[in-house]
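Participant:
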Amino acid sequence: MVIEVKPQKDESSDVEQITQKVFFKTIELLGGIRKLAEYRSLTWLPALARASYAVVLKEKFLKTEEEIASLVGITKNTVRMILRADPEIALKKIKELQEASVETKKELKVHTAGAIARLAYNEIKDTTSGQ
Numbered sequence: 043m044v045i046e047v048k049p050q051k052d053e054s055s056d057v058e059q060i061t062q063k064v065f066f067k068t069i070e071l072l073g074g075i076r077k078l079a080e081y082r083s084l085t086w087l088p089a090l091a092r093a094s095y096a097v098v099l100k101e102k103f104l105k106t107e108e109e110i111a112s113l114v115g116i117t118k119n120t121v122r123m124i125l126r127a128d129p130e131i132a133l134k135k136i137k138e139l140q141e142a143s144v145e146t147k148k149e150l151k152v153h154t155a156g157a158i159a160r161l162a163y164n165e166i167k168d169t170t171s172g173q
């Protein structure tokens, strides 16, 4: 009799892979790196990355707000705001951003990072269901 030992899948590598997909989808939803550069909004990237992690940890790995805050290095309140963000508002903000003047684009803040990450996760979740 042969016993085969299979290594358990490392959850952290799954988190990383799915989060990367969500993060890149957020950038795509905003029009790509070039558009972010045009908006002078490359400073949004860290917020989008944190929001992507928070959404993936909650939606795919069922982590609590406390666990997410600890893993991502943000406050529990920030996690709560990310997870409660409305993807419909993100769609509206993305449309406004695309239609806004250059001056307005410079002034926009990252209030919708969580909503954009949730929208991105919803768009890619079917492709990650096997992971």
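Residue numbers 43 to 173, in this note's numbering, belong to the letters of the sequence shown in order. Virtual Cβ for every residue (Gly too), placed ideally from N, Cα, C. These numbers come from a predicted model, not from an experiment.
1. Classify residue 159 as buried or exposed, calling it buried when 16 or more other Cβ atoms lie within 10 Å of its own Cβ.
2. Note down, in chain order, each residue of its chain lying with its Cβ closer than 6 Å to the Cβ of residue 20, except the 5 sequence neighbours on either side.
3. Please report the residue range of the alpha helix (DSSP H) in which residue 112 lies.
4. Can you give the Cα-Cα distance for residue 94 and residue 62, rounded to whole angstroms?
5. Would you mind giving the Cβ-Cβ distance between residue 108 and residue 118, rounded to the nearest angstrom? I have them listed as a contact below 8 Å.
6. Between the beta-carbon of residue 97 and the beta-carbon of residue 64, is there less than 8 Å?
7. Hey, residue 90 and residue 136 are a contact pair by Cβ (cut 8 Å); roughly how many whole angstroms apart?
8. Under 8 Å by Cβ, that's how I've got residue 36 and residue 86 pegged, so tell me the actual separation to the nearest angstrom.
9. Does DSSP put residue 154 in a helix, a strand or coil?
10. Please state whether DSSP places residue 81 in a helix, a strand or coil.
11. According to the Cβ coordinates, are residue 102 and residue 69 closer than 8 Å?
12. So, are the CB atoms of residue 92 and residue 116 less than 8 Å apart?
Facilitator: Let me spell this out:
1. It is buried - the Cβ of residue 159 has at least 16 other Cβ atoms within 10 Å.
2. Past the edges of the chain, shown from 43 to 173, lies residue 20, and the structure says nothing about it.
3. Looking at the DSSP string, the run of the alpha helix (DSSP H) that includes residue 112 is 107-114.
4. The straight-line gap from Cα to Cα measures roughly 8 Å.
5. Confirmed, about 6 Å.
6. Yes. Within cutoff.
7. Cβ atoms of residue 90 and residue 136 stay farther apart than 8 Å, at about 12 Å.
8. Residue 36 lies beyond the residue range present for the chain, which begins at 43 and ends at 173; the question has no answer from this structure.
9. Looking at residue 154 - three-state DSSP - the assignment turns out to be coil, as it is neither helix nor strand.
10. Coil, per DSSP.
11. No, the pair does not count as a contact, with Cβ atoms beyond the cut-off.
12. Yes, the Cβ-Cβ distance between residue 92 and residue 116 is below 8 Å.
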